[in-house]
Every structure is written in structure tokens, then in C-alpha cells.
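For the sequence shown, numbering that gives the first Met the number 0 gives the first residue as 0, with consecutive numbering after it.
The C-beta atom is built at its ideal place from N, Cα and C for all residues, glycine as well.
This one's a predicted model, so the numbers in the text were calculated from it and none came from an experiment.
First up is the structure itself, then whatever we jot down about it.
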Amino acid sequence: MDFPKLAYVGGGISFTESNQMRPGLQQILMPSLTTVDGDFIVYGNRYLGELQAPNLQRVNGLFKVSENLYLNGLTLDKLETAAPGGIVISGSLWGGVSLASIQDVHPRFSIATISPGNCTEWEALRESGGPLATTEEYNCQPNCKYFNYDGTCSEFK
Numbered sequence: 000m001d002f003p004k005l006a007y008v009g010g011g012i013s014f015t016e017s018n019q020m021r022p023g024l025q026q027i028l029m030p031s032l033t034t035v036d037g038d039f040i041v042y043g044n045r046y047l048g049e050l051q052a053p054n055l056q057r058v059n060g061l062f063k064v065s066e067n068l069y070l071n072g073l074t075l076d077k078l079e080t081a082a083p084g085g086i087v088i089s090g091s092l093w094g095g096v097s098l099a100s101i102q103d104v105h106p107r108f109s110i111a112t113i114s115p116g117n118c119t120e121w122e123a124l125r126e127s128g129g130p131l132a133t134t135e136e137y138n139c140q141p142n143c144k145y146f147n148y149d150g151t152c153s154e155f156k
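This is the structure in C-alpha cells:
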């Protein structure tokens, strides 16, 4: 799905797959999106391989990208705020997760990956004065085999 001119969503936006046995959504492209005034959820899209929102700066709710098993990586280098809701990311993510501009995440920050990712980057952001220092719930779990609905790891490899 391509949304080349979508710049603002005045409520939540959700992409979910209900029938896992048929090929479904393979890409979500939103090159102009800057703000979502609500939740941004991409969940359970078995064949999703690409999610692009390179200009997304603010999610006034929960940012959740979870259980999209073919999604190799996630780059949201302009995302500054995900609150009140926070960030929940889980999946294979062999290509990593990049949130270079993140400043405000409340109340939750959770990343769980199948890949043997490194939590050092996120733990550094939890230091005093860092963008994740006041996040109430922090979770970083690499080497996950299965995920819970809430994006945490239910079983490790």
C-alpha cells in the first residue's frame, strides 16, 4: 500500500492481517507522514517486508510494530515522540531498528527481536537525561523465539 500524500492522521491508524494463510500486505509506504494523533499499529502482517515512514516525527499514542515476521528492519530516524502510549516493536528485525531522533517515549519502550540484537544502544538512552530515562516500563529482548501479544518475548532461542 502506498500513501504518497498522507501527511497527517487525525486519529489512530492500524494495519493488521486477519487471515494468516493467504498472502497479504507486503509493503506500507508513507513518505509524507509526519504526525499521527492516536495509535500507529502494524500487527501480524505475515508477509510485510517493508514499512517506510521516513518523515514520521510524532505519534500521540502507542507506536506498535509487532509480529510482522518478514519485516527485516525499521528505520524511523525522524521520530521524536511516542506518547502517551510508547513504543512496542517486535519481530525478526535482522536489519535492526533505528530511532535516531527519539526524545520522548511514555510510558513504555519495548523491543523484542528474533535477531541477536544488541540492547546497549537502548540502555545508553536510559541514562540520566537521556530520552528513555523517564520511561516507566523498559524492555529489550534479543534472541526471541516466540512473542506475546504485548510485544514481549514468551520464549527465547
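Proximity to K4 across G37, S13, P130, N54 peaks at N54, based on C-alpha coordinates. Within the segment 1 to 43, no alpha helix (DSSP H) run of at least 4 residues lies entirely inside it.
Bounds of any beta strand (DSSP E) do not take in T133, whose DSSP letter is neither H nor E. With respect to the 9 Å criterion, Y42 and K63 are classified as neighbours on the basis of their beta carbons.
One thing to note: L75 has its Cβ no nearer than 9 Å to the Cβ of S89. In the three-state scheme derived from DSSP, where H, G and I count as helix and E and B as strand, A82 is classed as coil.
Selection C152, L24, L32, P106 evaluated against E135 yields P106 as nearest (Cα-Cα). In the displayed model, E120 falls within a helix according to three-state DSSP. At least 9 Å separates the beta-carbon of E122 from that of D103.
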